[in-house]
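Visitor: Residue numbers (this note's numbering): 69 to 488.
Sharing a structure, written as structure tokens. Questions coming.
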Amino acid sequence: MLLHHCASVLTLWISMAQVVSQEDRERTTALKDLLSRIDLDELMKKDEPPFTFPETLEEFEYAFNENGQLRHIRTGEPFVFNAREDLHRWNQKRYEALGEIITQYVYGLLETQCNMTRVYLPVDPAEGEPCSFIYVTKDALSNPSKLLVLIQGSGVVRAGQWARRLIINQDLNSGTQIPFITRAIQEGYGVMVLNPNENYLEIEKPETTSSPLGALDEQLEEPAEKKERKDDKEGSKKKEFYEKYRNPQKEAETERIPIRDNGSSEEHVLYVWDHFVSGAAAKNVFIVAHSYGGLSFVELMNQREAEVKHKVCAVALTDSAHNIWLQDTTKTTQDWMQQNCCNWVSSPEPLDTPLDSMLPDCPRVSAGTEKHELTSWMSFDSIFHFFNEVLEAQEYEESQETSSSVTTRSGSHKSKHQDL
Numbered sequence: 069m070l071l072h073h074c075a076s077v078l079t080l081w082i083s084m085a086q087v088v089s090q091e092d093r094e095r096t097t098a099l100k101d102l103l104s105r106i107d108l109d110e111l112m113k114k115d116e117p118p119f120t121f122p123e124t125l126e127e128f129e130y131a132f133n134e135n136g137q138l139r140h141i142r143t144g145e146p147f148v149f150n151a152r153e154d155l156h157r158w159n160q161k162r163y164e165a166l167g168e169i170i171t172q173y174v175y176g177l178l179e180t181q182c183n184m185t186r187v188y189l190p191v192d193p194a195e196g197e198p199c200s201f202i203y204v205t206k207d208a209l210s211n212p213s214k215l216l217v218l219i220q221g222s223g224v225v226r227a228g229q230w231a232r233r234l235i236i237n238q239d240l241n242s243g244t245q246i247p248f249i250t251r252a253i254q255e256g257y258g259v260m261v262l263n264p265n266e267n268y269l270e271i272e273k274p275e276t277t278s279s280p281l282g283a284l285d286e287q288l289e290e291p292a293e294k295k296e297r298k299d300d301k302e303g304s305k306k307k308e309f310y311e312k313y314r315n316p317q318k319e320a321e322t323e324r325i326p327i328r329d330n331g332s333s334e335e336h337v338l339y340v341w342d343h344f345v346s347g348a349a350a351k352n353v354f355i356v357a358h359s360y361g362g363l364s365f366v367e368l369m370n371q372r373e374a375e376v377k378h379k380v381c382a383v384a385l386t387d388s389a390h391n392i393w394l395q396d397t398t399k400t401t402q403d404w405m406q407q408n409c410c411n412w413v414s415s416p417e418p419l420d421t422p423l424d425s426m427l428p429d430c431p432r433v434s435a436g437t438e439k440h441e442l443t444s445w446m447s448f449d450s451i452f453h454f455f456n457e458v459l460e461a462q463e464y465e466e467s468q469e470t471s472s473s474v475t476t477r478s479g480s481h482k483s484k485h486q487d488l
């Protein structure tokens, strides 16, 4: 009887354990199903903040100190790019917003510190037509002796800047053209500051709804292969943003209206030459051209070779992007550049160390730095020394001339950069 009772209890316990085990399995299965429906990556995403930024340096809480360095007004620390971790696109937009403020700040320095004036391009704009501008000193066109023309490289930099990165992270002297302008004025030059990257007016596109028939026509006109590549590219971009942010900010679509005869750096340099430099009173024109500005100068020579040879006394290039073969320059242009130009390039060698020239255009010397954007500032003193040597050689030869001798500018002086 006792054995029978024990067997009954054991059977009951086994039955209860099976029921509990079944319930646990069901709960475990339900929990796994719930977890499988949760996107952990989605939970890790951050809301991307709106692209609204301060509009002045004061609102950014930054200012330039007595050394021309950008510092936080409360902490005294340099500019910090990563203001928000894991929000690279937002940080980049913030940096660009600060850059636009820096551009206006430099314009103000050109006008107040250097006493320069804006001259708008084109010179005959129609009402409402987009315009660019350059900066000139009061005597830029009337100075009978010397005119200095400054041409920057490509990118976001505008009139008066060599490199935005240097202005923000280093100082105003290394990143702006102001030291060149100030010294040139002190040495009796008229000065003209070009603006080769101000090529268009950017406006926001109005929101329009296209008809289904219009969209169908566009699809029919566009080759399938091209459309597929474009869709893949756009899809990849959207996927990248949506993988990073829960609600990525949508940027406004814009369109660019080119500025007449100034739609590129090359067009701008040619236009300023035709309308200003060629008619300037200066007997001697000197040019400093950085990076892509050097390419634009060589293109100017291709278009106006005789005029440039007659008017320009010497050209200082800094890490120039020109290529005499790709730009199809003439042999006479190459010979003139060999005698009248010098290119200070990024190099680990000490400043002014002669370097091998890869192309038969102009001598190359070290700028004393391996940083491309620093080449203009590092070669600052050497450039003015080069210009002064050229002037001294010219004055000496003119003093040796007799009334019957005629010396052309292209052969009027020796390449003084070899003496640096």
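Every residue, glycine too, gets a C-beta built ideally from N, C-alpha and C.
The model shown is predicted, which means the values in this text are computed figures rather than measured ones.
For the stretch 224-244 and the stretch 430-450, state whether three or more C-beta atom pairs, one from each stretch, are separated by less than 8 Å.
Guide: The stretch 224-244, when compared against the stretch 430-450, does touch it at the 8 Å Cβ threshold.
Visitor: From what residue to what residue does the alpha helix (DSSP H) around A252 run?
Guide: In the sequence shown, counting from the first residue as 1, residue 252 sits at position 184. Membership of A252 in the alpha helix (DSSP H) is indicated by the continuous run 246-254.
Visitor: Do V337 and F365 come within 8 Å of each other at the CB atom, strictly closer than that value?
Guide: Your numbering for residue 365 matches position 297 in the sequence shown. Your numbering for residue 337 matches position 269 in the sequence shown. In this structure, V337 lies closer than 8 Å to F365 by Cβ.
Visitor: Report buried or exposed for Q181, applying the criterion of at least 16 other Cβ atoms within 10 angstroms of its Cβ.
Guide: Walking along the sequence shown from the start, residue 181 turns up at place 113. If you draw a 10 Å sphere on the C-beta of Q181, you find fewer than 16 other C-beta atoms in it, and that means exposed.
Visitor: Using the Cβ count rule (16 or more neighbours within 10 Å means buried), how would you classify R162?
Guide: Position 94 of the sequence shown, counted from the start, is the residue given in the question as residue 162. So R162 counts as buried.
Visitor: Ordered along the chain, which non-local residues of its own chain (more than five positions away) have a Cβ less than 6 Å from that of P117?
Guide: Here residue 117 refers to the residue found at position 49 of the sequence shown. Counting only residues of its own chain and dropping the five nearest sequence neighbours on each side, P117 has a CB closer than 6 Å to the CB of W158.
Visitor: Alpha carbon to alpha carbon, how far is G223 from F147? Give it in angstroms, no decimals.
Guide: The residue you call residue 147 lines up with position 79 of the sequence shown. The residue you call residue 223 lines up with position 155 of the sequence shown. Cα-Cα distance, rounded: 21 Å.
Visitor: Mind checking H390: buried by the 16 CB within 10 Å criterion, or exposed?
Guide: Position 322 of the sequence shown holds residue 390. With 16 or more neighbouring CB atoms inside 10 Å of its own CB, H390 falls in the buried class.
Visitor: Would the beta-carbon of G256 fall within 8 Å of that of S213?
Guide: Within the sequence shown, residue 256 is the residue found at index 188, counting from 1. Within the sequence shown, residue 213 is the residue found at index 145, counting from 1. Taking 8 Å as the Cβ cut-off, G256 and S213 qualify as a contacting pair.
Visitor: Are at least three pairs of beta-carbons, each pair with one atom in the stretch 411-429 and one in the stretch 387-403, less than 8 Å apart?
Guide: yes
Visitor: With 16 as the cutoff for other CB atoms within 10 Å, does K399 come out buried or exposed?
Guide: By one-based count along the sequence shown, residue 399 stands at place 331. Result: exposed.
Visitor: Answer yes or no: the CB of Q160 versus the heavy atoms of the ligand SAH, is any distance below 7 Å?
Guide: Here there are no bound small molecules, and the ligand SAH is not part of this structure.
Visitor: Within this structure, are the beta carbons of F344 and L240 separated by less than 8 Å?
Guide: As a position in the sequence shown, residue 344 is number 276, starting the count at 1. As a position in the sequence shown, residue 240 is number 172, starting the count at 1. No, the pair does not count as a contact, with Cβ atoms beyond the cut-off.
Visitor: Looking only at its own chain, which residues have a Cβ that is under 6 Å from the Cβ of L269, when we skip the five neighbours before and after it?
Guide: Residue numbering aside, residue 269 sits at position 201 when the sequence shown is read from its first letter. Excluding sequence neighbours, L269 sits near P198, I325.
Visitor: For A382 versus F448, is the C-beta spacing smaller than 8 Å?
Guide: Counted from its first residue, the sequence shown places residue 382 at position 314. Counted from its first residue, the sequence shown places residue 448 at position 380. In this structure, F448 does not lie closer than 8 Å to A382 by Cβ.
Visitor: Just to confirm, is the Cβ distance from Q395 to E367 under 8 Å?
Guide: Stepping through the sequence shown from its first residue, residue 395 is reached at position 327. Stepping through the sequence shown from its first residue, residue 367 is reached at position 299. Cβ atoms of Q395 and E367: closer than 8 Å.
Visitor: Let's test the definition: count the other Cβ atoms within 10 Å of the Cβ of K482 and tell me whether it reaches 16, buried, or not, exposed.
Guide: Here the question's residue 482 lines up with position 414 in the sequence shown. Residue placement at K482 is poorly supported in this model, since its pLDDT is 44, which falls under 50; the coordinates still yield a value, given next. With fewer than 16 other Cβ atoms within 10 Å, it is exposed.
Visitor: When DSSP builds the beta bridges, which residues end up paired with F354?
Guide: As a first step, residue 354 is located in the sequence shown; it is residue number 286 there, counting from the start. F354 pairs with L216, A382.
Visitor: For F422, which residues does DSSP report across the bridge?
Guide: Numbered from 1 along the sequence shown, position 354 holds the residue referred to as residue 422. Checking the displayed sequence, the identity of residue 422 turns out to be Pro instead of Phe. The partner list for P422 (beta bridge, DSSP) reads V433.
Visitor: Classify Q181 as helix, strand or coil using the three-state DSSP reduction.
Guide: Along the sequence shown, read from residue 1 onward, the residue named residue 181 stands at position 113. DSSP places Q181 in coil when its eight states are reduced to three.
Visitor: Return the chain-ordered list of same chain residues with a C-beta closer than 7 Å to the C-beta of V225, the five sequence neighbours on each side being excluded.
Guide: For this step, residue 225 is matched to residue 157 along the sequence shown. So the list reads A231, R232, N265, once near-sequence residues are dropped.
Visitor: Report buried or exposed for S467, applying the criterion of at least 16 other Cβ atoms within 10 angstroms of its Cβ.
Guide: For this step, residue 467 is matched to residue 399 along the sequence shown. Around the beta-carbon of S467, fewer than 16 other beta-carbon atoms lie within 10 Å, marking it exposed.
Visitor: Checking 8 Å against the spacing of the C-beta atoms, do L178 and I219 come in under that value?
Guide: Within the sequence shown, numbered from 1, the residue matching residue 178 stands at position 110. Within the sequence shown, numbered from 1, the residue matching residue 219 stands at position 151. For L178 and I219, no; Cβs fall outside 8 Å.
Visitor: Which one of K318, S415, L125, S450 has the shortest CA to CA distance from G167?
Guide: Here residue 167 is taken as the residue at index 99 of the sequence shown, counted from 1. Closest by C-alpha distance to G167, out of K318, S415, L125, S450, is L125.
Visitor: Roughly how many angstroms lie between the CA atoms of L459 and D207, to the nearest whole one?
Guide: The residue labelled residue 459 in the question sits at position 391 within the sequence shown. The residue labelled residue 207 in the question sits at position 139 within the sequence shown. Between L459 and D207, the C-alpha separation is close to 20 Å.
Visitor: Of all the options Q137, H156, S425, which has the alpha carbon lying nearest to the alpha carbon of S242?
Guide: Sequence index remark: in the sequence shown, residue 242 carries index 174 (1-based). Closest by alpha carbon: Q137.
Visitor: Can you give me the start and stop residues for the beta strand (DSSP E) that W445 sits inside?
Guide: In the sequence shown, residue 445 corresponds to position 377, counting from 1. First-last for W445: 443-446, but that is the alpha helix (DSSP H), not the beta strand (DSSP E).
Visitor: As a quick exercise: from E463, T397, T386, Q407, pick the residue whose alpha carbon is nearest that of S450.
Guide: Indexing the sequence shown from 1 puts residue 450 at position 382. Taking only the C-alpha atoms, the option nearest S450 is T386.
Visitor: For E311, is the classification buried or exposed, using 16 other Cβ atoms within 10 angstroms of its Cβ as the cut-off for buried?
Guide: Walking along the sequence shown from the start, residue 311 turns up at place 243. For E311, the predicted model reports a pLDDT of 47, less than 50, meaning its position is unreliable and no value from the coordinates is stated.
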